[in-house]
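Undergrad: Pasting in a structure now, in structure tokens, and then I'll have a few things to ask.
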Amino acid sequence: MPMSGTDKVVVIGKTTWDAMKGKKAIKAVWKTETALESSETHDKVLLDLLEGNKFNTRRQDGNVKHAFANADKVLERVYESPFLPHNCMEPMNFFANVSPEKVRLVGPVQTPEAAAQVVADLLERDLEDVSIDMTRMGGGFGRRLYGDFVYEAAEISNAIQKPIKLVSSREDDMTMGVYRPSSKYKISASIKNGKITGYHLKEASINGNMYGLIPNFFPAGAIENYQVDTANYKSNITTGAWRAPYTNFLASAEQSFFDELAEELGIDRVQMHMNLLDNVKNNPDANIEYSPERLQGVLQLAIEKSNWG
Numbered sequence: 001m002p003m004s005g006t007d008k009v010v011v012i013g014k015t016t017w018d019a020m021k022g023k024k025a026i027k028a029v030w031k032t033e034t035a036l037e038s039s040e041t042h043d044k045v046l047l048d049l050l051e052g053n054k055f056n057t058r059r060q061d062g063n064v065k066h067a068f069a070n071a072d073k074v075l076e077r078v079y080e081s082p083f084l085p086h087n088c089m090e091p092m093n094f095f096a097n098v099s100p101e102k103v104r105l106v107g108p109v110q111t112p113e114a115a116a117q118v119v120a121d122l123l124e125r126d127l128e129d130v131s132i133d134m135t136r137m138g139g140g141f142g143r144r145l146y147g148d149f150v151y152e153a154a155e156i157s158n159a160i161q162k163p164i165k166l167v168s169s170r171e172d173d174m175t176m177g178v179y180r181p182s183s184k185y186k187i188s189a190s191i192k193n194g195k196i197t198g199y200h201l202k203e204a205s206i207n208g209n210m211y212g213l214i215p216n217f218f219p220a221g222a223i224e225n226y227q228v229d230t231a232n233y234k235s236n237i238t239t240g241a242w243r244a245p246y247t248n249f250l251a252s253a254e255q256s257f258f259d260e261l262a263e264e265l266g267i268d269r270v271q272m273h274m275n276l277l278d279n280v281k282n283n284p285d286a287n288i289e290y291s292p293e294r295l296q297g298v299l300q301l302a303i304e305k306s307n308w309g
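Structural data, given as structure tokens:
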């Protein structure tokens with residue numbers, strides 16, 4: 001049944017199997033009001049952003065340009081990550097029973113209070129009329145922060161005044177999710193007399209950039225000339241949090257870069273980290289968002305447990 005005044009078509013069946021068979025039989029023709037996008041276009045846009053000059057500088061210590069201009073060598077690498085769906089163990093699902101007396105919602109969502117409020121507003125009901133019960137999450141990872149599946153279940157139940165359980169197929173879950181933004185990092189470091197003299201991190205991302213604390217993570221404070229810049233491209237693709245939204249990929253990119261940097265310097269990679277952390281301890285920085293002592297302690301324990309070196 002088409003939902004009045006919306007761009008949705010809903011299939012209702014006695015069983016999930018019946019509903020999904022009915023959904024496959026529908027040949028819907030959608031009219032789009034926005035231009036189609038492609039990964040090829042995004043790839044070019046992000047590379048152009050990295051090579052451009054329209055950046056938001058998140059942190060700047062010293063003079064990176066001067067350090068690079070006077071370097072014996074500059075090491076530079078680009079790392080990229082595509083859009084990623086959450087692919088939770090359970091695809092999105094929710095139960096709703098809307099009646100004149102009350103609205104009952106049951107299912108897995110990471111933001112139950114916010115979901116209840118949105119449903120109350122959507123159905124023009126008092127918040128006291130809405131109850132929401134949690135089940136086991138089935139995997140959240142940030143995807144179930146967004147209660148779109150809760151609102152849809154409530155909207156459908158309200159339309160037919162019967163209890164329903166909304167179930168997304170795995171295909172729906174993968175193609176109509178809230179994705180981690182596609183991004184690229186360009187990391188550069190200057191080397192002078194066998195030492196790291198400058199570090200420049202550039203991020204180009206679709207819809208979202210690193211949050212405010214990240215530029216103050218390691219190696220901030222460890223390198224005299226240090227700069228973090230971000231650039232953004234707005235897209236109609238839905239993006240959002242994906243467990244450790246930025247640090248998971250950024251950590252992989254930066255640590256890969258540090259491995260190559262240690263190789264270039266001819267120094268053990270763990271020792272290089274220890275040396276950089278000593279720089280922070282010797283020159284305390286009130287703005288950093290990490291403890292050099294704790295990081296060194298973790299590295300030392302890893303060295304001992306793994307028989308490193």
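Its first residue numbered 1, the sequence shown is counted upward by one per residue in UniProt numbering.
For glycine and all other residues, C-beta sits at the position ideal for the given N, C-alpha and C.
Note that the coordinates shown come from a computational prediction; the quantities given were computed from them, not determined experimentally.
Any idea if Gln227 is buried or exposed, counting beta-carbon neighbours within 10 angstroms, 16 or more meaning buried?
TA: As a position in the sequence shown, residue 227 is number 227, starting the count at 1. Buried, by the Cβ-count rule.
Undergrad: In whole angstroms, what separates the C-alpha of Lys162 from that of Gly208?
TA: Translated into the one-based positions of the sequence shown, residue 162 becomes position 162. Translated into the one-based positions of the sequence shown, residue 208 becomes position 208. Taking the straight line joining both Cα atoms gives about 39 angstroms.
Undergrad: Could you tell me the distance, in whole angstroms, from the CA atom of Tyr146 to the CA atom of Ile191?
TA: To locate residue 146, count along the sequence shown from 1; it is residue 146. To locate residue 191, count along the sequence shown from 1; it is residue 191. A direct Cα-Cα distance of roughly 45 angstroms separates Tyr146 from Ile191.
Undergrad: Identify which residue in Glu124, Ile267, Glu304, Thr41 has its Cα closest to the Cα of Lys234.
TA: On the sequence shown, position 234 is the one that residue 234 refers to. Sorting Glu124, Ile267, Glu304, Thr41 by C-alpha distance to the C-alpha of Lys234 places Thr41 at the top.
Undergrad: Do Tyr179 and Thr238 come within 8 angstroms of each other at the CB atom, strictly closer than that value?
TA: What you label residue 238 is simply residue 238 of the sequence shown in a count that begins at 1. What you label residue 179 is simply residue 179 of the sequence shown in a count that begins at 1. Yes. Within cutoff.
Undergrad: Relative to the alpha-carbon of Tyr246, which residue among Met20, Asn87, Glu203 has its alpha-carbon at the smallest distance?
TA: On the sequence shown, position 246 is the one that residue 246 refers to. Answer by Cα proximity: Glu203.
Undergrad: On a CA-only basis, which of Ala244, Ala253, Asn236, Ile187 is nearest Leu36? Give me that one, please.
TA: Residue mapping note: residue 36 aligns to position 36 of the sequence shown, counting from 1. Distance from the Cα of Leu36 is smallest, within the candidate group Ala244, Ala253, Asn236, Ile187, for Asn236.
Undergrad: CA-CA distance, Arg125 and Pro82?
TA: Along the sequence shown, read from residue 1 onward, the residue named residue 125 stands at position 125. Along the sequence shown, read from residue 1 onward, the residue named residue 82 stands at position 82. The straight-line gap from Cα to Cα measures roughly 41 angstroms.
Undergrad: Write down every uninterrupted run of the alpha helix (DSSP H) in the stretch 47-91 whose length is 4 residues or greater and which is fully enclosed by it, in chain order.
TA: 64-69
Undergrad: Would Phe249 and Ser205 be called neighbours here (beta carbons separated by less than 8 angstroms)?
TA: The residue given as residue 249 occupies position 249 in the sequence shown. The residue given as residue 205 occupies position 205 in the sequence shown. For Phe249 and Ser205, no; Cβs fall outside 8 angstroms.
Undergrad: Between Gly177 and Arg143, which are expected to be in contact by the criterion C-beta below 8 angstroms, what is the C-beta distance as a whole number of angstroms?
TA: Residue 177 sits at position 177 when you count from the first residue of the sequence shown. Residue 143 sits at position 143 when you count from the first residue of the sequence shown. Between Arg143 and Gly177 the Cβ distance is about 6 angstroms, and since that is below 8 angstroms, they are a contact.
Undergrad: Which ranges does the beta strand (DSSP E) cover as unbroken runs of at least 3 residues, wholly within the stretch 163-249, from first to last along the chain?
TA: 164-167, 183-192, 195-206, 225-233
Undergrad: How long is the line joining the alpha carbons of Leu261 and Leu47, rounded to whole angstroms?
TA: In the sequence shown, residue 261 corresponds to position 261, counting from 1. In the sequence shown, residue 47 corresponds to position 47, counting from 1. Take the alpha-carbon of Leu261 and the one of Leu47: they are about 23 angstroms apart.
Undergrad: How far does the beta strand (DSSP E) with Met134 in it reach, from first residue to last?
TA: As a working note, residue 134 is residue 134 in the sequence shown. Counting along the chain, the beta strand (DSSP E) containing Met134 begins and ends at 130-134.
Undergrad: Between the beta-carbon of Tyr151 and the beta-carbon of Leu122, is there less than 8 angstroms?
TA: Residue 151 sits at position 151 when you count from the first residue of the sequence shown. Residue 122 sits at position 122 when you count from the first residue of the sequence shown. The answer is yes: Cβ separation under 8 angstroms.
Undergrad: Hey, quick one: how far does the alpha helix (DSSP H) through Gly28 stretch, first residue to last?
TA: Along the sequence shown, one-based indexing puts residue 28 at 28. Residue identity check: residue 28 is Ala in the sequence provided, not Gly. Going by DSSP, Ala28 is part of no alpha helix (DSSP H) at all; its letter is neither H nor E.
Undergrad: How far does the alpha helix (DSSP H) with Phe149 in it extend, from its first residue to its last?
TA: Against the sequence shown, residue 149 aligns to sequence position 149. Looking at the DSSP string, the run of the alpha helix (DSSP H) that includes Phe149 is 148-160.
Undergrad: From Gln271 to Phe258, what does the alpha carbon distance come to, in whole angstroms?
TA: The residue you call residue 271 lines up with position 271 of the sequence shown. The residue you call residue 258 lines up with position 258 of the sequence shown. In a straight line, the C-alpha of Gln271 is about 11 angstroms away from that of Phe258.
Undergrad: Quick one: any contact between the stretch 212-222 and the stretch 278-290, if contact means 3 or more CB pairs under 8 angstroms?
TA: Counting Cβ pairs under 8 angstroms, three or more are found: they touch.
Undergrad: In the DSSP assignment, find the unbroken alpha helix (DSSP H) run with Val103 in it and report its ends.
TA: Here residue 103 corresponds to residue number 103 of the sequence shown, with the count starting at 1. Note, Val103: premise wrong, no alpha helix (DSSP H); beta strand (DSSP E) at 103-107.
Undergrad: Using beta-carbon positions only, say whether Asn193 and Asp72 come within less than 8 angstroms of one another.
TA: The residue given as residue 193 occupies position 193 in the sequence shown. The residue given as residue 72 occupies position 72 in the sequence shown. Contact: yes.
Undergrad: Express the C-alpha separation of His200 and Lys290 in angstroms, rounding to a whole number.
TA: Taking the first residue of the sequence shown as position 1, residue 290 is located at position 290. Taking the first residue of the sequence shown as position 1, residue 200 is located at position 200. It is worth fixing the name first, because residue 290 is Tyr in this sequence and not Lys. Going by the C-alpha atoms only, they are around 19 angstroms apart.
Undergrad: Does DSSP put Val298 in a helix, in a strand, or in coil?
TA: As a working mapping, residue 298 is identified with position 298 in the sequence shown. Helix, per DSSP.
Undergrad: What is the rounded straight-line gap between the Cα of Glu264 and the Cα of Glu254?
TA: Numbered from 1 along the sequence shown, position 264 holds the residue referred to as residue 264. Numbered from 1 along the sequence shown, position 254 holds the residue referred to as residue 254. So the two alpha carbons sit approximately 15 angstroms from each other.
Undergrad: Can you round the beta-carbon distance between Glu90 and Gly138 to whole angstroms, since I take them to be within the 8 angstroms contact cut?
TA: The residue labelled residue 90 in the question sits at position 90 within the sequence shown. The residue labelled residue 138 in the question sits at position 138 within the sequence shown. Indeed they touch by this definition, with Cβ atoms about 3 angstroms apart.
Undergrad: What did DSSP end up calling Asn282 once you bin it into helix, strand or coil?
TA: Within the sequence shown, the letter at position 282 stands for residue 282. In the structure shown, Asn282 sits in a helix (DSSP, three-state: H, G or I).
Undergrad: Here's the rule I'm using: 16 or more other beta-carbon atoms within 10 Å means buried, otherwise exposed. How should Tyr185 be labelled?
TA: In the sequence shown, the residue the question calls residue 185 occupies position 185. Buried, because 16 or more other Cβ atoms sit within 10 Å of the Cβ of Tyr185.
Undergrad: Enumerate in chain order the residues of its own chain whose CB-to-CB distance from Lys281 is below 6 angstroms, with the five nearest sequence positions on each side excluded.
TA: As a working mapping, residue 281 is identified with position 281 in the sequence shown. Result list for Lys281: Pro292, in chain order.
Undergrad: Can the beta-carbon of Asn97 be found less than 8 angstroms from the beta-carbon of Ser168?
TA: If you number the sequence shown from 1, residue 97 lands on position 97. If you number the sequence shown from 1, residue 168 lands on position 168. Taking a C-beta distance under 8 angstroms as the contact criterion, Asn97 and Ser168 do not qualify as a contact pair.
Undergrad: Which residues in the same chain as Phe95 place their Cβ atom closer than 6 angstroms to its Cβ, once the five residues preceding and following it in sequence are excluded?
TA: Mapped onto the sequence shown, residue 95 falls at position 95. Same-chain partners within the cutoff: Val106, Gly107, Lys165.
Undergrad: Spatial neighbours of residue 363 within its chain, please: C-beta separation below 8 angstroms, excluding the five flanking residues on both sides.
TA: With the chain running from 1 to 309 in the structure shown, residue 363 is simply not present.
Undergrad: Roughly how many angstroms separate the alpha carbons of Lys27 and Leu299, rounded to a whole number?
TA: For the purposes of this step, residue 27 is taken as the residue at position 27 of the sequence shown. For the purposes of this step, residue 299 is taken as the residue at position 299 of the sequence shown. Taking the straight line from one Cα to the other gives about 57 angstroms.
Undergrad: Helix, strand or coil: which one does DSSP assign to Phe258?
TA: In the sequence shown, residue 258 corresponds to position 258, counting from 1. The answer is helix: DSSP assigns Phe258 an H, G or I state.
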